[in-house]
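Undergrad: Below is one structure. I have some questions about it.
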Amino acid sequence: MRNKDFIASVACGTLVSTLVNFSVADAIKTAIFAGIGALVSFFVTLIMRQLTRKFEK
Numbered sequence: 001m002r003n004k005d006f007i008a009s010v011a012c013g014t015l016v017s018t019l020v021n022f023s024v025a026d027a028i029k030t031a032i033f034a035g036i037g038a039l040v041s042f043f044v045t046l047i048m049r050q051l052t053r054k055f056e057k
């Protein structure tokens, strides 16, 4: 077995074992944390853009 095939089989095995133990509560938590992360990223980008514009002038 080549190294590439081994890594792919380990990744698939990990994914399958995770999906079996995945519940609705986990899906809700994941969605909430993804939304929070997106909002934080958006606001940090806005702040950084305004700061760079402010200091470029």
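In my numbering, the protein residues as written are 1 to 57.
Cβ coordinates follow ideal geometry from the N, Cα and C atoms, glycine included.
Please read all numbers here as calculations on a predicted model, not as lab measurements.
For V16 and E56, I'd like the C-alpha separation in whole angstroms.
TA: 50 Å
Undergrad: What is the residue span of the alpha helix (DSSP H) that F43 lies within?
TA: V24 to E56
Undergrad: Measure the C-alpha to C-alpha separation of T30 and V20 and round it to an integer number of angstroms.
TA: For the pair T30 and V20, the Cα-to-Cα distance works out to about 16 Å.
Undergrad: Out of curiosity, what's the CA-to-CA distance linking M48 and C12?
TA: 38 Å
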